[in-house]
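Numbering (the numbering used here), first residue to last: 11 to 302.
Even for Gly, the Cβ is constructed at its ideal location relative to N, Cα and C.
1) For residue 225, which option in 213, 257, 242 has the closest C-alpha, if you only look at C-alpha atoms?
2) Could you tell me the alpha carbon to alpha carbon distance between residue 78 and residue 121, rounded to whole angstroms?
3) Would you kindly work out how many angstroms separate the C-alpha atoms of residue 67 and residue 202, rounded to a whole number?
4) Under the three-state reduction of DSSP, which class applies to residue 192: helix, strand or coil?
5) Measuring only the C-alpha atoms, how far is residue 287 from residue 154?
6) Could you give the DSSP three-state label for residue 34: helix, strand or coil?
7) Indicate whether the contact test is met: 3 or more Cβ pairs, each with one atom in the stretch 262 to 282 and one in the stretch 112 to 120, closer than 8 Å.
8) Using a Cβ-Cβ cutoff of less than 8 Å, which residues in the same chain neighbour residue 25 once the five nearest sequence positions on both sides are dropped?
9) Mind checking who residue 211 pairs with in its DSSP beta bridge?
10) Are the beta-carbon atoms belonging to residue 302 and residue 270 less than 7 Å from one another?
11) If we ignore side chains and look at the alpha-carbon of each, how far apart do residue 19 and residue 76 end up?
12) Among 105, 15, 71, 84, whose alpha-carbon lies nearest the alpha-carbon of residue 32?
13) Apart from the five residues on each side of it in sequence, which residues of its chain come closer than 6 Å, Cβ to Cβ, to residue 198?
14) How many whole angstroms separate the CB atoms of residue 304 and residue 181, which I take to be in contact at a CB cut-off of 8 Å?
15) Could you please give the first and the last residue of the uninterrupted alpha helix (DSSP H) stretch that includes residue 117?
16) Can residue 71 and residue 90 be called in contact, C-beta distance under 7 Å?
17) Going along the chain, which unbroken runs of the beta strand (DSSP E) with 3 or more residues stay wholly within the stretch 222 to 265?
18) In the DSSP assignment, the alpha helix (DSSP H) including residue 60 goes from what residue to what residue?
19) Would the stretch 134 to 143 and the stretch 163 to 173 be scored as touching if the rule is three or more Cβ pairs under 8 Å?
20) Is residue 166 helix, strand or coil by DSSP?
21) Based on DSSP bridge pairs, tell me the residues matched to residue 18.
22) Identify, in the order they occur along the chain, each residue of the same chain with its Cβ nearer than 6 Å to the Cβ of residue 391, setting aside the five sequence neighbours on each side.
23) Give me, in chain order, the residues of the same chain whose beta-carbon lies closer than 6 Å to that of residue 298; leave out the 5 immediate sequence neighbours on both sides.
24) Residues bridged to residue 290 by DSSP?
25) Measuring CA to CA, which of 184, 142, 290, 107 is closest to residue 85?
26) DSSP state of residue 205, grouped into three classes?
27) For residue 248, I'd like the list of residues in its chain whose CB is within less than 7 Å of its CB, leaving aside the five on either flank, ordered along the chain.
28) How far does the alpha helix (DSSP H) with residue 148 in it reach, from first residue to last?
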């Protein structure tokens, strides 16, 4: 094995890091595909553009949390992470499949974890890759299975939706306050990023407050102070979306979301884990796979 160098990520590394990440996740999806599943597809142009914008953003806010691994052939691994309000989050983590189980991933994860030294909490959304899951558990994370809802929406089941409006940058203080109540940490500067990438909606009433970010009607992230507010927001997202809908990244602490999805005639399946350290699964909450 040639010598491997672990070094801080640079802005000019981002396009190659995106290609590496996309290749690794596509290879994993193909390797674990069930016969009844559709053929895994490459990352779409929109998703690729979002990935690039997000990673440049994290390099600006948390350069100490973003790392790459090189050998003679070039980039072979990468990790991005960030700290918000004493909570460390792992955004993306990948090593070329042919080079896994050689300690490269551990070195990258250790470098990213060092960025979160002194943090009280940790979060990451993991695939079901047994090697990565083992590494997270050895790093002290508890593993909470994730569920996903997907299918064709029964639009006759959508209730009348009230007390939900479009959000804006003016709601950022409210959003950060909700974050701190629900998951113990604000998203801080990540809200500016999310408002650039996705459409925010807000519910703020006497029965609770919450917000969600939508991409083509799909929930990218949702947080609320009560289940009533969270339920309104999720129904609003389903109503805003198309015939086919997906709600990803649900833990068993968020059965309210499962109930909404089943009422809309979506199908439930499990995939991956929400890995946590120093905290319980947030609720009412639907986390994003990278921005948590």
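For this structure:
1) Closest in C-alpha terms to residue 225, from the list 213, 257, 242, comes 257.
2) When rounded, the distance between both Cα atoms is 10 Å.
3) Computed Cα separation, rounded: 10 Å.
4) The three-state secondary structure of residue 192, taken from DSSP, is helix.
5) Taking the straight line joining both Cα atoms gives about 11 Å.
6) Helix.
7) Flag = no, the stretch 262 to 282 and the stretch 112 to 120 do not touch.
8) Only 62 meet the Cβ criterion.
9) Residue 211 is bridged to 176, 222.
10) No, the Cβ-Cβ distance between residue 302 and residue 270 is not below 7 Å.
11) Between residue 19 and residue 76, the C-alpha separation is close to 5 Å.
12) Of 105, 15, 71, 84, the residue nearest in Cα terms is 105.
13) Within the same chain, residue 198 has close Cβ partners 94.
14) Residue 304 lies beyond the stretch modelled for the chain, which goes from 11 to 302, so this question has no answer here.
15) Looking at the DSSP string, the run of the alpha helix (DSSP H) that includes residue 117 is 114 to 125.
16) The answer is no: Cβ separation not under 7 Å.
17) Secondary structure in the stretch 222 to 265: the beta strand (DSSP E) runs of 3 residues or longer, each lying completely within the stretch, are 228 to 234, 254 to 260 in chain order.
18) Going by DSSP, residue 60 is part of the alpha helix (DSSP H) stretching over 55 to 71.
19) Flag = no, the stretch 134 to 143 and the stretch 163 to 173 do not touch.
20) DSSP places residue 166 in helix when its eight states are reduced to three.
21) DSSP, once it has assigned bridges, lists 77 as partnering residue 18.
22) There is no way to answer for residue 391, as the model of the chain reaches only from 11 to 302.
23) So the list reads 230, 231, once near-sequence residues are dropped.
24) According to DSSP, which records beta bridges pairwise, residue 290 is partnered with nothing at all.
25) Comparing Cα-Cα distances from residue 85 to each of 184, 142, 290, 107, the minimum goes to 107.
26) The answer is helix: DSSP assigns residue 205 an H, G or I state.
27) Once the five neighbours on either side are set aside, the close Cβ partners of residue 248 are 163, 168, 255, 274.
28) Taken as a continuous stretch (DSSP letters only), the alpha helix (DSSP H) holding residue 148 covers 140 to 148.
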